[in-house]
Amino acid sequence: MTWDEAFAYRYDDWTAHVTDDVPFYTTLARDAGGPVVELAVGNGRVAIPVARAIGRPVIGIDHSPAMLAQCRTRAAAAGVELDLRQGDMRDLSLDEPAALIYCPFLSLQHLPAWSDRRRAFERIAASLRPGGHFAWNAIAFDHHLAARLDGAREEEPVPHTFRFAVGDNRIDIVLDDGATSSSWWATKNEWLGLLDVAGLELTALYGGFGNEPFTEESREYVFVARRPEE
């Protein structure tokens with residue numbers, strides 16, 4: 001079983017506690033006034049309520065067929081229309097420039113290398129209309145927390161062990177059969193550097209989805225950036 005397959009069928013269990021991001025992305029979508037795109041749409045946890053709130057489909061992109069299958073089922077059950085597409089955010093291409101692109105639940109951290117992250121940010125920038133916004137969240141890197149995680153084992157939603165690759169600031173989540181999902185824990189300046197190379201401007205940095213200021217005590221970054229007006 002691949003990580004995607006294992007994760008897809010227990011995704012609801014894994015994300016049951018994650019609710020505070022939905023109002024944040026919903027507000028951005030209501031203010032967008034144009035096409036809205038969710039990257040790493042997963043099972044539609046965010047896209048379904050966002051689409052319901054704005055009264056039109058959200059374009060949802062994910063590389064995982066298993067997650068997209070879950071999303072289709074959930075959207076149909078909710079009576080919500082989504083425009084779901086299988087694809088890689090590093091190759092993002094849209095028929096019409098987006099007013100808002102967002103990537104929830106730490107998903108950008110799973111891109112494996114700097115070149116992948118740069119390519120994704122460049123494609124996101126190219127896919128936004130002038131003045132369009134891009135939002136995402138990420139863990140605020142903490143070496144002490146990462147070191148404590150190294151070797152830790154959890155049984156839910158599927159049995160897995162954490163491994164910390166110190167030199168790469170990377171956490172590997174390893175299933176018992178060896179399937180692995182990796183998460184890159186970047187610093188604030190690394191994220192800001194990606195905005196710079198993509199030609200995007202930071203408009204807000206929060207320490208959580210309640211729009212609280214980011215401080216040294218914050219455990220996550222919530223970024224909002226924009227493509228400059230031409």
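At position 197 of the sequence shown the residue is numbered 197 (UniProt numbering), and the sequence of numbers has no breaks. Where a beta carbon is used, it is the ideal one built from N, C-alpha and C, also for glycine.
query	result
6 Å CB neighbourhood of residue 184 in its chain, flanking five on each side removed	109, 170
Cβ distance (whole Å) where residue 98 is taken to contact residue 36 below 8 Å	7 Å
Residues bridged to residue 213 [DSSP beta-bridge criterion]	206
Nearest neighbour of residue 232, chosen from 62, 64, 47, 39 [CA to CA]	No answer is possible for residue 232: it lies beyond the span of the chain, which begins at 1 and ends at 230.
8 Å contact criterion, which residue 103 and residue 51 should meet: CB distance rounded	Contact doesn't hold; Cβ gap of about 16 Å is too wide.
Unbroken stretches of the beta strand (DSSP E), 3 residues or longer, contained in the segment 130–215	160–165, 170–175, 180–184, 201–206
Proximity of residue 221 and residue 147 at Cβ, strictly below 8 Å	no
For residue 223: DSSP bridge partner residues	136, 205
Where the beta strand (DSSP E) through residue 83 begins and ends	83–86
Check whether residue 131 and residue 10 have beta carbons under 8 Å apart	no
The segment 118–125 touching the segment 70–86, judged by at least three CB pairs closer than 8 Å	no
Per-residue burial, residue 113 [other beta carbons within 10 Å of its own, 16 or more giving buried]	exposed
Among 133, 77, 16, nearest to residue 105 - alpha-carbon criterion	16
Chain D within 8 Å of residue 76, Cβ atoms only	No chain D appears in this structure, which consists of one protein chain only.
Cβ-Cβ separation, residue 42 to residue 67 (assumed contact under 8 Å), whole Å	5 Å
Run of the alpha helix (DSSP H) containing residue 50, from where it starts to where it stops	47–54
Status (buried if at least 16 other CB within 10 Å, exposed otherwise) for residue 38	buried
According to DSSP, residues forming a beta bridge with residue 79	DSSP lists no partner for residue 79.
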